[in-house]
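The structure appears right after this line, and notes come after that.
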Amino acid sequence: GYVGAICSLQYSVAVIQDYSRKSNLVASAMAHEMGHNLGINHDRASCNCIAGPCVMSSKISYEPLYEFSSCSVQEHQRYLLRDRPQCILNKPLSRNIVAPP
Numbered sequence: 013g014y015v016g017a018i019c020s021l022q023y024s025v026a027v028i029q030d031y032s033r034k035s036n037l038v039a040s041a042m043a044h045e046m047g048h049n050l051g052i053n054h055d056r057a058s059c060n061c062i063a064g065p066c067v068m069s070s071k072i073s074y075e076p077l078y079e080f081s082s083c084s085v086q087e088h089q090r091y092l093l094r095d096r097p098q099c100i101l102n103k104p105l106s107r108n109i110v111a112p113p
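Just so we're aligned: 89 in this note's numbering is position 77 of the sequence shown, and the numbers increase by one with no gaps anywhere.
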């Protein structure tokens, strides 16, 4: 995914090719790529997670990733404050919300 491109018409995309039969590993890869779109780069070596490897680790993991590091959370917060991505921050109009059947 492109870093910080969630609201871009051209670059709000990620391609994930994962041959794992374990859905939680595929979900981990999807969360990682979505993290890039949400303005988060790979974690530095000093960033840690309690539950094992962090979602935004640059290393390939063969176990599910359940947690964003505090570094990732801070980087996402900086992205929101710096870039103010309107597709995330705008409040949807009630007429644009799909109601359950």
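By construction, the Cβ of each residue, glycine as well, lies at the ideal position given by its N, Cα and C atoms. Note that the coordinates shown come from a computational prediction; the quantities given were computed from them, not determined experimentally.
Starting from Leu77, trace the alpha helix (DSSP H) both ways and give me its first and last residue.
-> It is not in any alpha helix (DSSP H) - Leu77 carries neither H nor E in the DSSP assignment.
Per-residue DSSP class, three states only, for Leu92 | helix
Please name the residue in Val27, Ser32, Leu50 whose C-alpha comes closest to that of Cys19.
-> Of Val27, Ser32, Leu50, the smallest CA-CA separation from Cys19 is found for Leu50.
Within this structure, are the beta carbons of Asp30 and Ala41 separated by less than 7 Å?
-> yes
Inter-residue spacing [alpha-carbon to alpha-carbon] between Val110 and Ser32 = 33 Å
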